[in-house]
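Chemist: Be aware that the sequence shown starts at 17, since it is given in the numbering used here, and climbs by one per residue.
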Amino acid sequence: MPDRRRFLGFLTSGAVLAAMPMPGWPAVAGYQRLLVLVELKGGNDGLNTIVPFADPAYAALRPRLALERHSLLQLDERTGAHPQLAPLQAIWQQRELAIVQSVGYPDANLSHFRSIEIWDTASRSNQYLEEGWLGRTFAGKAPPASYAADGVAVGSADLGPLAGAHARTVAIANARQFQQLARTAQPRDGQGGGALQHLLKVEEDIAVAAQRLSSSYQFKTQFPDGAFGESVKAACQIVAGGTGVAAIRLSLNGFDTHQNQPAKHADLLRQLAEGLLALRSAMQELGRWNETLVMTYGEFGRRAKENQSNGTDHGTAAPQLVLGGRVAGGLFGEAPRLNQLDGNGNLPFAVDFRSLYATVLEDWWGMPSNTVLGGRFERLPLLRG
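1. Three-state secondary structure (DSSP) at E394?
2. Taking 7 Å as the limit between beta carbons, can you name the residues of its chain near Q48, skipping five residues before and five after?
3. Does the stretch 140–147 come close enough to the stretch 316–328 that 3 or more CB-CB pairs lie under 8 Å?
4. Please name the residue in A256, T185, L295 whose C-alpha comes closest to that of W238.
5. With the cut-off set at 7 Å, would you say W305 and G345 are in Cβ contact?
6. In chain order, which alpha helix (DSSP H) runs of at least 4 residues are fully inside the stretch 75–149?
7. Could you round the C-beta distance between Y313 and E55 to whole angstroms and report it? I think they count as a contact, below 8 Å.
8. Measuring CB atoms only, is the stretch 119–126 touching the stretch 365–373, in the sense that at least three cross pairs come out at less than 8 Å?
9. Answer with buried or exposed for T358, where buried requires no fewer than 16 other C-beta atoms within 10 angstroms of its C-beta.
10. Just the Cα atoms here: how many angstroms apart are V338 and R370?
11. How about L268 and L288: are their beta carbons less than 7 Å apart?
12. Going straight from the alpha carbon of D92 to that of S230, what length do you get?
13. Would you check if the distance between the CB atom of Y112 and the CB atom of V343 is smaller than 7 Å?
14. Straight-line CA distance for A262 to A73?
15. Report the rounded CA-to-CA distance for L83 versus F69, giving the unit in angstroms.
16. Between L53 and L285, what straight-line distance do the alpha-carbon atoms span, to the nearest angstrom?
17. Touch check for the stretch 273–280 and the stretch 251–261: three-plus C-beta pairs under 8 Å?
Structure representation (structure tokens):
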């Protein structure tokens, strides 16, 4: 029988269902808690997202890009947030938003493709793994078989951290297209043999997944316009369907701001903030906010010094946002050490990104993390209750 991955490359429906898990794996009660990952594709400029305005090196390194202190949303006496993150201000004030500063990893790779692979697989910088960290998690401890899927990636054709040979995962490249598929696709009996039968079975799996993941719930929440807003809405519709899913990955593209960064970056942060606010509102509407953990990630941050094109180049450490009804809000990690840049002008990291993953696995889902992550990583005190 031809390899399943080969056939997945021919599918044009906007949804891909990966291989089914082997029987007999125990369900984990912790999967009743939902994880939502938000990928900031391209490498978000952390210094202009969470701004160390009190450090004189910030303005010195960025004579054109530095944000004025009076425009920022002040987080403490030394730190502010980009003004386009204003929709998240109430969540911050209610202590449901944690900001983890200076997140990265040793021997950082500045290639988009390799670095996001490291984040997706939770590998070392010199280690190559095929399965995503969530794919390995689901292979070891499967979500309940009654769930419509173990994980769903919305807004991108790749599965990223959900990739795994034994995970029931779906990639929805186009949220609107998937909703249409859910309304129109019908499972059918395949005809023929061999490769044709296999392909028809994949199509049947997609149709079944589409039907089970869809819902007709009418939200009172107003979702933002645009692709990211559509993805957030699709994710909330999946949760509203009530058929169960352990993890959802959303993607927001465009953060590779080498040129003319200010307007582009501001618009991206606006989309992010409005989308996260709508996600929180919808989860509250469903009574699921206390069982939802949202976490941003991306392949890297940007270089501390601005470039000659009014932008920033590939860098290393950056802040990540963690939101949820059980989140213990506040600033975590370390402020950017602008006086300790390396020979390439990049920031040192203070928090290994795998500490975020260990916190998810152990404190959110209640399972050991060392097997999935290939070692022990310090957990962060991001959760309460």
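Even for Gly, the Cβ is constructed at its ideal location relative to N, Cα and C.
Modeler: From the atom records:
1. In the sequence shown, the residue the question calls residue 394 occupies position 378. Looking at E394 - three-state DSSP - the assignment turns out to be coil, as it is neither helix nor strand.
2. The residue you call residue 48 lines up with position 32 of the sequence shown. Within the same chain, Q48 has close Cβ partners E307.
3. no
4. Walking along the sequence shown from the start, residue 238 turns up at place 222. Looking at the sequence provided, one finds Gln at residue 238 rather than Trp. Here the closest residue by C-alpha is L295.
5. Position 289 of the sequence shown, counting from 1, holds the residue named residue 305. Position 329 of the sequence shown, counting from 1, holds the residue named residue 345. Cβ distance not < 7 Å, so W305 and G345 don't count as in contact.
6. 105–109, 128–137
7. By one-based count along the sequence shown, residue 313 stands at place 297. By one-based count along the sequence shown, residue 55 stands at place 39. About 6 Å; that satisfies the 8 Å criterion.
8. yes
9. To locate residue 358, count along the sequence shown from 1; it is residue 342. Here residue 358 is Asp; the residue named in the question, Thr, does not match the sequence. So D358 counts as exposed.
10. Residue 338 sits at position 322 when you count from the first residue of the sequence shown. Residue 370 sits at position 354 when you count from the first residue of the sequence shown. Roughly 14 Å separates the two Cα atoms.
11. As a first step, residue 268 must be located in the sequence shown, where it is residue number 252. As a first step, residue 288 must be located in the sequence shown, where it is residue number 272. Closer than 7 Å, so yes.
12. Taking the sequence shown and counting its residues from 1, one reaches residue 92 at position 76. Taking the sequence shown and counting its residues from 1, one reaches residue 230 at position 214. Distance between the alpha carbons of D92 and S230 is about 42 Å.
13. As a first step, residue 112 is located in the sequence shown; it is residue number 96 there, counting from the start. As a first step, residue 343 is located in the sequence shown; it is residue number 327 there, counting from the start. First, the amino acid is wrong: residue 112 is Glu here, not Tyr. In contact: E112 and V343 (Cβ atoms closer than 7 Å).
14. What you label residue 262 is simply residue 246 of the sequence shown in a count that begins at 1. What you label residue 73 is simply residue 57 of the sequence shown in a count that begins at 1. Answer to the nearest angstrom: the Cα atoms are 43 Å apart.
15. On the sequence shown, position 67 is the one that residue 83 refers to. On the sequence shown, position 53 is the one that residue 69 refers to. Taking the straight line joining both Cα atoms gives about 8 Å.
16. Translated into the one-based positions of the sequence shown, residue 53 becomes position 37. Translated into the one-based positions of the sequence shown, residue 285 becomes position 269. Going by the C-alpha atoms only, they are around 16 Å apart.
17. no
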